Structure formats: structure tokens, C-alpha cells
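The block underneath contains the structure these notes are about, expressed in C-alpha cells.
2 protein chains.
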Amino acid sequence: MSMWNRNAWIDPVKLKRLSEIRRKELRQAAFAVLEREGIAGATLEKVAAQAGASKGIVLHYFRNKQELFEHAMREANAVLCQAVIARLRRAITPMERMDAVIEGNFEPHLFQPPLCHAWLSLCAEVPRDEKMARIQRVIHARMRSNLLSGLRGLASPADADDIALGVTALIDGLWLRLGLQPGSVSREQAVRQVKNYVAGRLAIREPVIDGA
Amino acid sequence: MSMWNRNAWIDPVKLKRLSEIRRKELRQAAFAVLEREGIAGATLEKVAAQAGASKGIVLHYFRNKQELFEHAMREANAVLCQAVIARLRRAITPMERMDAVIEGNFEPHLFQPPLCHAWLSLCAEVPRDEKMARIQRVIHARMRSNLLSGLRGLASPADADDIALGVTALIDGLWLRLGLQPGSVSREQAVRQVKNYVAGRLAIREPVIDGA
DNA sequence: CTTTTTATTGTCCCATTGGTCAATAGTTGA
DNA sequence: TCAACTATTGACCAATGGGACAATAAAAAG
Numbered sequence: 001m002s003m004w005n006r007n008a009w010i011d012p013v014k015l016k017r018l019s020e021i022r023r024k025e026l027r028q029a030a031f032a033v034l035e036r037e038g039i040a041g042a043t044l045e046k047v048a049a050q051a052g053a054s055k056g057i058v059l060h061y062f063r064n065k066q067e068l069f070e071h072a073m074r075e076a077n078a079v080l081c082q083a084v085i086a087r088l089r090r091a092i093t094p095m096e097r098m099d100a101v102i103e104g105n106f107e108p109h110l111f112q113p114p115l116c117h118a119w120l121s122l123c124a125e126v127p128r129d130e131k132m133a134r135i136q137r138v139i140h141a142r143m144r145s146n147l148l149s150g151l152r153g154l155a156s157p158a159d160a161d162d163i164a165l166g167v168t169a170l171i172d173g174l175w176l177r178l179g180l181q182p183g184s185v186s187r188e189q190a191v192r193q194v195k196n197y198v199a200g201r202l203a204i205r206e207p208v209i210d211g212a
Numbered sequence: 001m002s003m004w005n006r007n008a009w010i011d012p013v014k015l016k017r018l019s020e021i022r023r024k025e026l027r028q029a030a031f032a033v034l035e036r037e038g039i040a041g042a043t044l045e046k047v048a049a050q051a052g053a054s055k056g057i058v059l060h061y062f063r064n065k066q067e068l069f070e071h072a073m074r075e076a077n078a079v080l081c082q083a084v085i086a087r088l089r090r091a092i093t094p095m096e097r098m099d100a101v102i103e104g105n106f107e108p109h110l111f112q113p114p115l116c117h118a119w120l121s122l123c124a125e126v127p128r129d130e131k132m133a134r135i136q137r138v139i140h141a142r143m144r145s146n147l148l149s150g151l152r153g154l155a156s157p158a159d160a161d162d163i164a165l166g167v168t169a170l171i172d173g174l175w176l177r178l179g180l181q182p183g184s185v186s187r188e189q190a191v192r193q194v195k196n197y198v199a200g201r202l203a204i205r206e207p208v209i210d211g212a
């Protein structure tokens, strides 16, 4: 049995007792440090301190720094994703589904500068961390899929695809704005902004054609 | 005279001889390192190596690491900004001005993953670096102003304001997408995306009103 | 040709960091 | 109770980082 639990994919339920609890604490501690210090200032010692433990324990539960932050990224994304899913469950019409995704992405308790700062730091590492890149791709794929589940009933497949890209970009951009200039964009503004975008895109049947 | 040139704002033309040349080289070296290594891996030694000089010289021209990267940020922004300005000069009608800003922000030789990576790393430090935050505010203010110079002729002041925010966010979001998933968005797609957004917003007179 | 600045290098220093390891305390199961 | 395993700590280490500095080369000024 000893060599088993080294591989967490076996009997995940039971193992949630101690090991998984610590891991979660540490992931969250890592994220908290990231919020305050950014990736450059995020050290194992600070994470340990944040979790009220010793540095040794961090490397007991995570092979190395990189892995720790990869897991922090996964967790953070899971939280945001959950918010969207919850709203999506109550949505029925295509338009309701769109709104669920949009509003879920600006959940008041999540759409906050510190969270954005941490997220930004993580994103900045994506190009040098293949695992993070993969997480990132998954995130984007799911977001797209969520959007398309609504958009398919509202536009042609080609348009839906295009609008989905626009919506994700717009959402990301509004988050970025929040991170770079806290207070420059409120949740309500953000939501309205994206909804207006969708409304505008749906109102125009043929995309702009120009000769530039 | 000795104590004068310590303050570069005096006789800037002449001093461009040596001191300013080195400074520019170092700023660019810093940016190059940032592209490859991210903020966490960007060390003075690497910057020096990139510039083909010794670490000492870097701190001879910049008080410290922070200052160096602040200047790198300024420079990078200046380049992007210049691209927009150049196009803006040839624009006459409001719509041409809009297109100038949009296309300028996706200049083919600038809209590239490495540049985006470096930029992202810099942005991730903004929350902890007041000077970078200020640069960031300036950048955004200018972008806004550029957009409004075109939008004022196309929409009501309130709408123009709102659309300007949306355009900046959308542009940032598309850049982010490029950084996180290189190849997932082409320059043409990006430009079209933003133009469609503007077209959509201009087509709808009254903004969406909902009771969510 | 001196003298004064400026440019540049390499060395040194100290704090910090990620990571290893052995030792200890605690748990669990038979 | 005993043995096996897990959790947790603190000490330790080699590497690295930012930055200070003195020494030297190179220019400029006079």
C-alpha cells in the first residue's frame, strides 16, 4: 500500500483525508503569495510562512516550485470555472447561457485586482512552462465550448466561432484592465460591455468587409 | 559642467553621443532577456551578457534592476505607440482614424508572441511598481485619446467613451490570446475582430438594457 | 601633456533561494 | 505493543542574485 498513494490517481476519495488537505492549503498559500508578491517574489519560504508551515513541507507535497505553481493555477481556474458552471446550470435559452458565461466570468467576489495580479503572474510564465500552457489551452477550450453552447442557437457556426473568440478576448481584456488600473472598470461595466458586444455582433449579419 | 550631465534633461542632444546609446542598448537587451526568460528569470547578468557587456555597466547606467525594467517598459511602449501615430498621421476621416489605431496596434512586426511575453511579464509587475503603474496609465490614456479622436465623430460622447474602453480591452485581450496560444489568432483575424466590434457597437444606438 | 571625467571591468560581499537530507514526532494498522 | 509509514521540522548546501567598490582604461578638457 505504501507505494500506492504516491500515485494520487488511485482511490482519490480516501486519500482526501490529510495529504489532499495539506496540498490544497499549500496551493492556496502559493496563490496568496502570488497575489502579494508576483512571480518574481514568490518564494517557497514565503509560501510556507503563508501556510503556517515550514519550507520543507512544501517540497514534501510538491516536487518543486514549478509544480506547486502549476497546481495553484489549476485551482484558481477551477474556482472561476465553477462559478460559470453554477450559473450555466440555471440557464435554459441560448441567450441565458451567454449571460451565464458572461456574468460568471465577472463574479463580484472573484473580479478583484489581487486575483487578477496573481493570474497575470501565472500567465506570464505560460510561455516557459509547457504544463501551464496546457492548462491554459484547456481553460480556453472550455470557455469557448461554454460560449458556443449558447451561440449555436443565435448565429451561424462561422459567426458563432468568431464571436466566441471576441467574447473571450474581451473578457480577458477587461480583466487585464482591472489588474492594471484597479477601479477603472466595475463589474457592472464589464458585464454590460460584453453584452453590448454580443448584441452588436448579433445585430450585424455580414461581417465588415474592407480593402485595407 | 561635471555635475550637470548627471541630469540628462540638460542639453539632451549632445549627450546622445555615448551615454544615451549605451542606455538604449541596455534597455533593449533587458527587453530581449524578458522575452526569453520572463521577469523571474531576467537577471542583471543575463542582460549584461545580452548586451555584450559586464554586469557592472548595467548598474552604471541604471540605479538598479527596477529602474532598468521601467525604462525597458517605456521604450517598448514608445515603439508600439509610434506605429499608431504614424498611421494616424495619414488618417483623415473619423473612421480612418479608428482603423489607424486598430491596425497600428496589430502591426505585423510587433504583433508577435515574444514581444507579448515580455510585455506580459512587465504588466505582471505593475501592481508592485508605482512607476510602471504610471507608465501604464499614460499608455492607456493615450490609447483612449487616440480612439476618441475618431469616435467623437461617430457616436455620442457617452457611447464614444464606452466604445473606447471596449476597443482597448478587446485589443489587449487579443494580444493576450496571442501570448498564451501563439498562432491561435492572426493579425488579420485580430484586426477584423476589432473592426467588427466597432461596427456592431455603432450599429446599435441604444445600449442593451437588462434586469440581471 | 596634464588633469579631470567618464566608461568599463572584475572582484567581493552578503542575503536569498531552491532543493536535499537526516532526524523526529505522530499515525495507523495488525 | 510493534512495525511501517507519513508528516513535519530544521539544518545544511551549493548556486545565484543584486549591488558596492576599487582599479583601470579611455576620452575630453584645459
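As given, the protein sequences belong to chains S and X, one line each in that order.
212 is the number that our numbering gives the last residue of the first sequence; the numbers go up by one with no jumps.
212 is the number that our numbering gives the last residue of the second sequence; the numbers go up by one with no jumps.
The beta carbon of each residue, even a glycine, is placed where N, CA and C say it ideally should be.
Just so it is clear, the structure is predicted and the values come from calculations on it, not from any experiment.
Does residue i have its Cβ less than 8 angstroms from a Cβ in chain S?
i              : result
R126 (chain X) : Residue 126 (chain X) is actually Val in this sequence, not Arg. It does: the Cβ of V126 (chain X) has a partner Cβ on chain S nearer than 8 angstroms.
C123 (chain X) : yes
R97 (chain X)  : no
I85 (chain X)  : no
N77 (chain X)  : no
L120 (chain X) : yes
A203 (chain X) : yes
Y197 (chain X) : yes
S2 (chain X)   : Summary for S2 (chain X): the model assigns pLDDT 32, below 50, so the residue's position carries little reliability, and this model does not support an answer.
E20 (chain X)  : no
Output, in chain order, the set of chain S residues within a Cβ distance shorter than 7 angstroms of residue i.
i              : result
I92 (chain X)  : Within chain S, no residue comes near I92 (chain X); the closest Cβ sits about 14 angstroms away, beyond 7 angstroms.
L174 (chain X) : A169
What residues in its chain sit with their C-beta under 6 angstroms from that of residue i, if we drop five residues either side in the sequence?
i              : result
F111 (chain X) : R187
Q143 (chain X) : The question names Gln, but residue 143 (chain X) in the sequence shown is Met. T168.
E107 (chain S) : A83
V33 (chain X)  : A42, K46, V47 and Q50
Between residue i and chain X, is any beta-carbon pair separated by less than 8 angstroms?
i              : result
H71 (chain S)  : no
G183 (chain S) : no
G200 (chain S) : yes
L68 (chain S)  : no
Please go through the same chain and pick out, in chain order, the residues whose beta-carbon is closer than 8 angstroms to the beta-carbon of residue i, but skip the five residues on each side of it.
i              : result
F233 (chain X) : As displayed, chain X neither begins before 1 nor continues past 212, which places residue 233 (chain X) out of reach and without an answer.
W119 (chain S) : A76, W175 and G179
R177 (chain X) : S184 and V185
V79 (chain S)  : L110
L148 (chain X) : A160, D161 and A164
A91 (chain S)  : R97, D99, A100 and G150
By the criterion of Cβ-Cβ separation under 9 angstroms, what are the contact partners of residue i in chain X?
i              : result
H117 (chain S) : A124, V126, P127 and R128
I177 (chain S) : Before going on, a small fix: residue 177 (chain S) reads as Arg here, not Ile. The answer, in chain order, is H140, L165, T168, A169 and D172.
Residues in its own chain within less than 7 angstroms of residue i by CB, not counting five upstream and five downstream?
i              : result
K131 (chain S) : E70
I21 (chain X)  : none
V58 (chain S)  : L26, L44, V47, A48 and L68
S54 (chain S)  : A48
M73 (chain X)  : L122, M132 and I135
A155 (chain X) : I163 and L202
Can you list the residues of chain X that residue i reaches, using a CB-CB cut of under 7 angstroms?
i              : result
R137 (chain S) : Q181
Can you pull the chain S neighbours of residue i, defined as C-beta to C-beta under 8 angstroms?
i              : result
G38 (chain X)  : I39, A124, E125, P127 and R128
Q193 (chain X) : D162, L165, G166 and A169
Pop quiz: residue i and residue j are said to be a contact at Cβ under 8 angstroms. What is the actual Cβ separation, rounded to whole angstroms?
i              : j              : result
G150 (chain X) : P94 (chain X)  : 5 angstroms
S121 (chain X) : A124 (chain S) : 5 angstroms
G183 (chain S) : I171 (chain X) : Incorrect: roughly 21 angstroms between the Cβ atoms, too far for contact.
Q66 (chain S)  : D129 (chain S) : 7 angstroms
Q. Counting pairs of beta carbons, one from the segment 189 to 197 of chain S and one from the segment 143 to 157 of chain S, are three or more of them closer than 8 angstroms?
A. no
Q. Per the contact definition of three or more C-beta pairs closer than 8 angstroms, is the segment 44 to 54 of chain X in contact with the segment 76 to 87 of chain X?
A. no
Q | At least 3 beta-carbon pairs within less than 8 angstroms: the segment 195 to 206 of chain S vs the segment 193 to 204 of chain X | A | yes
Q) Any contact of the segment 122 to 136 of chain X with the segment 133 to 141 of chain S, i.e. 3+ C-beta pairs under 8 angstroms? A) no
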